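Heads up: the sequence shown begins at 23 in the numbering used here, then just goes up one per residue.
First comes the structure, then the notes that go with it.
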Amino acid sequence: RRQRQMCIRDRNNQETEAVFLWIEETLGGVDVLVNNAGAVRDQGILEHEKPLAEVGNLIALNFTASIRCARLAFRSIEARDSFGYIININSIHGHSVNSISDSFQLGVYPSTKYAITAATEVMRRKLVNKNSKKGRVTSLSPGLVKTQIFKNAGLPQEVEDFFLENPYILPEDIANNVAYLLSTPSH
């Protein structure tokens with residue numbers, strides 16, 4: 023079976039559906055989905071002086087896009103009656119709200135990650151209720167991962183310095199965890 027990795031970076035429903043349709047037609051369907059969307063901005067929930075649209079953008083990227091992709095992947099898995107795996111790369115902030123510094127509190131980010139935690143559990147229960155032996159869903163919730171997420175958000179240097187003061191893991195560590203999850207038996 024051919025394997026292919028694809029990265030969907032848009033938040034547009036029609037474009038995402040077009041990518042999944044291409045996968046169906048060209049590769050025969052989706053067997054594994056790794057939802058790894060995530061962005062952080064200096065946009066708090068109560069900061070009424072900033073445009074609410076930015077909150078909506080973060081929710082669309084960090085939560086809604088993941089759900090959209092999970093639904094499309096599950097549709098493919100179910101239609102082919104094949105084994106499939108949905109892995110949501112979440113965050114420790116989906117289980118506990120912590121601040122990075124006194125001046126930066128992660129804004130809406132933890133709310134979107136709590137939503138991913140809940141959505142993963144809802145998907146898991148759906149598979150259990152269907153007595154599905156052909157589908158799995160997992161939420162992988164790392165702590166601090168050294169990526170460009172804070173730099174891309176244009177956050178203060180103290181946030182970047184946070185990496186120097188605290189233990190972190192690398193994206194390769196996450197990839198190794200995903201590989202392990204995919205290697206586990208489906209019994």
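Every residue gets a Cβ at the ideal spot worked out from N, C-alpha and C, and that includes glycine.
Only a predicted model underlies this, so the values are computations on that prediction, with no experimental measurement involved.
The beta strand (DSSP E) with residue i in it runs from where to where?
i    : result
Y107 : 106-111
G157 : 157-162
Would you decide whether residue i is buried or exposed? Buried here means 16 or more other CB atoms lie within 10 Å of its CB.
i    : result
S208 : exposed
H70  : exposed
G50  : exposed
T206 : exposed
L68  : exposed
Q65  : buried
Y202 : exposed
K152 : exposed
N84  : buried
V52  : buried
K165 : According to the sequence shown, residue 165 is Gly rather than Lys. Burial call: exposed.
Just tell me which of the options has its CA closest to the CA of residue i.
i    : options                : result
V62  : I81, P73, L68, H70     : I81
I99  : Y202, F42, L162, P164  : F42
N35  : Y107, A197, Y131, L94  : L94
P132 : H117, R146, N79        : H117
N110 : R102, T38, A92         : A92
P178 : V52, V200, R146, L128  : L128
A87  : W44, P164, T38         : T38
G106 : E182, D183, R146, A175 : R146
S154 : E47, A175, D103        : D103
V54  : A175, K173, T160       : T160
E76  : K135, A175, A40        : A175
I89  : A101, L74, N112        : N112
N79  : T134, I45, E180, I114  : T134
E46  : N198, R97, K72, K148   : R97
K156 : N198, I108, N199, A137 : I108
Name, in chain order, the residues that DSSP records as bridge partners for residue i.
i    : result
L55  : I108
V41  : V41 pairs with nothing; no bridge assigned.
V167 : I191
Along the chain, where does the alpha helix (DSSP H) that runs through residue i open and close?
i    : result
L149 : 131-151
I114 : Note, I114: premise wrong, no alpha helix (DSSP H); not H, not E.
I196 : 193-205
F85  : Unbroken run through F85: none, as it is neither H nor E.
Can at least three beta-carbon pairs, one atom from the region 178-194 and one from the region 134-149, be found at a separation below 8 Å? no
Inter-stretch contact (C-beta, 8 Å, three-pair minimum) for the region 159-173 and the region 51-66: yes
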